[in-house]
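A.B. asks: Encoded as C-alpha cells, here's the structure I'll be asking about.
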C-alpha cells in the first residue's frame with residue numbers, strides 16, 4: 025500500500041516548486057514507511073520471554089516436566105516471534121532512542137543519496153519523515169546552515185511530528201514546506217532561476 029497516493033505526491037511536488045521560486049535553496053522531501061525492519065529485536069524479545077517465562081512458571085507451580093518445558097519454550101518462541109513481527113507490536117518493543125537513531129541515520133543517508141550535498145552554493149534542504157518511528161527531521165547544507173540557525177526549524181519539526189502522529193502526513197508536508205519556504209525566502213532569497221534536483225516526493229516503502 026502506498027504511503028501517499030499519486031495525487032497527494034503531486035501536491036507535495038507542486039508545493040516544493042512553488043516555494044523554490046522564492047529561494048535559492050534546493051528542497052527534497054523523503055517519506056519512509058519505516059527506517060529499519062528491526063529483524064533481530066523481535067527475535068530477541070521472543071527468545072528472552074520464551075526462555076524465562078515457562079521456567080518461572082515451572083519453578084513456582086512445578087507442573088512441567090523437562091520435555092514439556094522444552095516444548096513450551098520452543099512453542100512460545102515460535103508464537104511470540106510471529107506476533108512480535110506485527111509492525112504495531114514491533115514498534116512498541118523498540119526503545120524510542122533506538123528508533124530515532126535509526127531514522128536519523130536514514131535521513132543522513134538520503135541527504136547524500138539525493139545529491140543534496142552537491143548543489144550550487146551548498147543550498148540543499150532535506151525534509152525527511154519516517155512514519156513508523158513518527159520521526160521528522162530537516163537537514164540543511166552549509167550554505168543554508170551558515171545563514172539560518174538550527175533553532176529555526178525546531179517549531180516546524182514539532183508541528184509536523186504532531187501531524188504525522190495523527191496520520192495527517194500529507195497536510196504535515198504541505199504545512200512544513202510552506203513554513204520552511206517562508207524561512208528560506210527571508211534568509212536565502214532567490215538570486216537566479218534554477219532547479220538542480222527533482223521536486224517530486226521520494227517515497228521509501
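Numbering (the working numbering), first residue to last: 25 to 229. Where a beta carbon is used, it is the ideal one built from N, C-alpha and C, also for glycine.
Quick one: residues in its chain with C-beta nearer than 6 Å to the C-beta of residue 189, no 5 flanking neighbours on either side, listed in chain order?
C.D. replies: Here residue 189 corresponds to residue number 165 of the chain shown, with the count starting at 1. Once the five neighbours on either side are set aside, the close Cβ partners of residue 189 are 158.
A.B. asks: Determine the burial state of residue 25: buried for a count of at least 16 other Cβ atoms within 10 Å of its Cβ, exposed for fewer.
C.D. replies: Looking up residue 25 in the chain shown gives position 1. Residue confidence is low: residue 25 scores 41 on pLDDT, short of 50, so the model does not pin down where it sits. Its coordinate-derived value is still stated next. Label assigned to residue 25: exposed.
A.B. asks: Thinking C-beta only, is residue 46 closer than 7 Å to residue 156?
C.D. replies: The residue given as residue 156 occupies position 132 in the chain shown. The residue given as residue 46 occupies position 22 in the chain shown. The answer is no: Cβ separation not under 7 Å.
A.B. asks: Spatial neighbours of residue 161 within its chain, please: C-beta separation below 6 Å, excluding the five flanking residues on both sides.
C.D. replies: On the chain shown, residue 161 is found 137 positions in, with the first residue counted as 1. Excluding positions up to five away in sequence, the list reads 131, 152.
A.B. asks: Residue 223 and residue 37 - do their beta-carbons sit closer together than 7 Å?
C.D. replies: By one-based count along the chain shown, residue 37 stands at place 13. By one-based count along the chain shown, residue 223 stands at place 199. Contact flag set, yes.
A.B. asks: Assess, as a yes-or-no matter, whether the segment 107 to 120 is touched by the segment 134 to 142 under the definition of 3 or more beta carbon pairs within less than 8 Å.
C.D. replies: Output reads no: the segment 107 to 120 does not touch the segment 134 to 142.
A.B. asks: Since residue 197 contacts residue 53 with CB under 8 Å, what's their CB separation in whole angstroms?
C.D. replies: Counting from 1 along the chain shown, the entry for residue 197 is found at position 173. Counting from 1 along the chain shown, the entry for residue 53 is found at position 29. About 6 Å; that satisfies the 8 Å criterion.
A.B. asks: Drop a sphere of 10 angstroms on the beta-carbon of residue 177, count the other beta-carbons inside from all chains shown, and report buried for 16 or more, exposed for fewer.
C.D. replies: Stepping through the chain shown from its first residue, residue 177 is reached at position 153. Result: buried.
A.B. asks: Quick check: what's the CA-CA separation for residue 50 versus residue 114?
C.D. replies: For the purposes of this step, residue 50 is taken as the residue at position 26 of the chain shown. For the purposes of this step, residue 114 is taken as the residue at position 90 of the chain shown. So the alpha carbons of these two residues sit roughly 35 Å apart.
A.B. asks: Using 10 angstroms around the beta-carbon of residue 126, count the other beta-carbons present and answer buried if the total reaches 16, otherwise exposed.
C.D. replies: Counted from its first residue, the chain shown places residue 126 at position 102. By the 10 Å Cβ count, residue 126 comes out buried.
A.B. asks: Would you report the Cα separation of residue 214 and residue 135, rounded to the nearest angstrom?
C.D. replies: Taking the chain shown and counting its residues from 1, one reaches residue 214 at position 190. Taking the chain shown and counting its residues from 1, one reaches residue 135 at position 111. Cα to Cα, residue 214 sits roughly 22 Å from residue 135.
A.B. asks: Alpha carbon to alpha carbon, how far is residue 60 from residue 42? Give it in angstroms, no decimals.
C.D. replies: Start at 1 with the first residue of the chain shown, and residue 42 comes out as number 18. Start at 1 with the first residue of the chain shown, and residue 60 comes out as number 36. When rounded, the distance between both Cα atoms is 32 Å.
A.B. asks: Roughly how many angstroms lie between the CA atoms of residue 120 and residue 69, to the nearest whole one?
C.D. replies: For the purposes of this step, residue 120 is identified with residue 96 of the chain shown, where counting begins at 1. For the purposes of this step, residue 69 is identified with residue 45 of the chain shown, where counting begins at 1. Distance between the alpha carbons of residue 120 and residue 69: 16 Å.
A.B. asks: Of the residues 204, 175, 66, which one's Cα is nearest the Cα of residue 116?
C.D. replies: Here residue 116 refers to the residue found at position 92 when the chain shown is read from its first residue. Looking at the Cα atoms, 66 is the closest of the given residues.
A.B. asks: Can you grab the Cα-Cα spacing for the pair residue 31 / residue 199, in whole Å?
C.D. replies: Reading the chain shown from its first residue, position 7 is the one you call residue 31. Reading the chain shown from its first residue, position 175 is the one you call residue 199. About 17 Å.
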